[in-house]
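First comes the structure, then the notes that go with it.
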Amino acid sequence: MKALVIYDSVFGNTEKVAQTMGEALGSQVDALVLKVTDVQPEQLAGLSYLIVGSPTRAFSPTPAIKDFLKGIPSGSLTGVKVAAFDTRIAVAETNSAILSFLVKIFGYAAEPIAKKLQRKGGAQGVTPEGFFVKDSEGPLKDGELDRAAAWATQILM
Ligand SMILES: Cc1cc2nc3c(=O)[nH]c(=O)nc-3n(C[C@H](O)[C@H](O)[C@H](O)COP(=O)(O)O)c2cc1C
Numbered sequence: 002m003k004a005l006v007i008y009d010s011v012f013g014n015t016e017k018v019a020q021t022m023g024e025a026l027g028s029q030v031d032a033l034v035l036k037v038t039d040v041q042p043e044q045l046a047g048l049s050y051l052i053v054g055s056p057t058r059a060f061s062p063t064p065a066i067k068d069f070l071k072g073i074p075s076g077s078l079t080g081v082k083v084a085a086f087d088t089r090i091a092v093a094e095t096n097s098a099i100l101s102f103l104v105k106i107f108g109y110a111a112e113p114i115a116k117k118l119q120r121k122g123g124a125q126g127v128t129p130e131g132f133f134v135k136d137s138e139g140p141l142k143d144g145e146l147d148r149a150a151a152w153a154t155q156i157l158m
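Shown next as C-alpha cells:
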C-alpha cells in the first residue's frame, strides 16, 4: 500500500506538518512526502492514499497547489483515498472582526483542495482539516504536530 503526502510551504510550517504525517503513515504503509513542485506525474500511479496540504494564503491554496490539482488527469484518482489539509491563522485570536467575517465567506485552503481531489475521482478518506500557526510565519501552535499525525492515520482506517 502506497501513501503520498504532497505539500507546499512558504515558511516551513506546512512542510513540518506534511513530514510528520509521512512519518506517522510510514509506520504502517509505504509513505513518501514530496513538495508539490517536485512531484512527477508517474508518482501518482498505484497510490492507495493521497494527502495534499497547503498554507492558506488569501483564503486559498497556493498557486503551485492549484496548478498541481488542475493538472491531475480526470478520473485518475479513482480508487484512491484522498484527504486535504491546510495551515492557517487562528482568526478568533486575531480579534479582527473583518477577518472573521471574510473567513466565514471565503474559508480556508483545505476544503477546495478536498473538493478538487474528489472531482478527479478520489474518495474522501478523512474530512478536511486545518492546523494552526501562532503567527503568519509560524511557529505551529503547541500540539499541532501530534494532531496532524493522528488526523493523517485516520485515512488508513
Ligand atoms: C500573504 C499571506 C496571506 C495569508 N492569508 C491567510 C488567510 O487567508 N487565512 C489564514 O488563516 N492565514 C493566512 N495567512 C497565514 C498563513 O496561513 C501562514 O503563513 C501559513 O500557514 C504558514 O505556512 P507555511 O510556513 O507552510 O508557509 C496568510 C499569510 C500570508 C503571508
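Note that the working numbering has the sequence shown beginning at 2, numbered continuously upward.
Yeah, the Cβ is synthetic: ideal placement off N, Cα and C, and Gly gets one too.
What you are looking at is a predicted structure, and each value in this text was computed from that prediction instead of being measured.
Legend entry - N- and C-terminal bounds of the alpha helix (DSSP H) containing Phe107: Locating residue 107 in the sequence shown gives position 106, where the first residue counts as 1. Ala98 to Phe107 is the extent of the alpha helix (DSSP H) around Phe107.
Legend entry - Straight-line Cα distance separating Gly80 from Ala115: Here residue 115 corresponds to residue number 114 of the sequence shown, with the count starting at 1. Here residue 80 corresponds to residue number 79 of the sequence shown, with the count starting at 1. Near 15 Å, if we compare the C-alpha coordinates of Gly80 and Ala115.
Legend entry - Close Cβ partners of Glu130 (< 7 Å) along its chain, the five nearest in sequence each way excluded: The count along the sequence shown starts at 1 and reaches residue 130 at position 129. Correct list, in chain order: Phe86, Ala111 and Trp152.
Legend entry - Nearest residue (CA-CA) to Ser10, options Gln20, Lys3, Met2 and Ala4: As a working mapping, residue 10 is identified with position 9 in the sequence shown. Looking at the Cα atoms, Gln20 is the closest of the given residues.
Inset, instruction - Report back the beta-carbon spacing between Lys3 and Gly47 to the nearest angstrom; my notes put them in contact at under 8 Å. - result: Indexing the sequence shown from 1 puts residue 3 at position 2. Indexing the sequence shown from 1 puts residue 47 at position 46. Confirmed, Cβ separation roughly 6 Å.
Inset, instruction - With hydrogens ignored, establish whether the beta-carbon of Ala85 is closer than 6 Å to any heavy atom of ligand 1. - result: Position 84 of the sequence shown, counting from 1, holds the residue named residue 85. For ligand 1, not one heavy atom lies less than 6 Å from the Cβ of Ala85.
Legend entry - Range of the contiguous beta strand (DSSP E) that encloses Ile156: To locate residue 156, count along the sequence shown from 1; it is residue 155. Unbroken run through Ile156: none, as it is neither H nor E.
Inset, instruction - Return the CA-CA distance between Val53 and Ala98, expressed in angstroms with no decimal places. - result: The residue labelled residue 53 in the question sits at position 52 within the sequence shown. The residue labelled residue 98 in the question sits at position 97 within the sequence shown. Spanning the two alpha carbons is a distance of roughly 30 Å.
Legend entry - DSSP three-state assignment for Gln41, whether helix, strand or coil: As a first step, residue 41 is located in the sequence shown; it is residue number 40 there, counting from the start. Gln41 falls in the coil class under three-state DSSP.
Legend entry - Asn14 beta carbon near ligand 1 (any heavy atom closer than 6 Å): Working through the sequence shown from its first residue, we reach residue 14 at position 13. Under cutoff, so the answer is yes.
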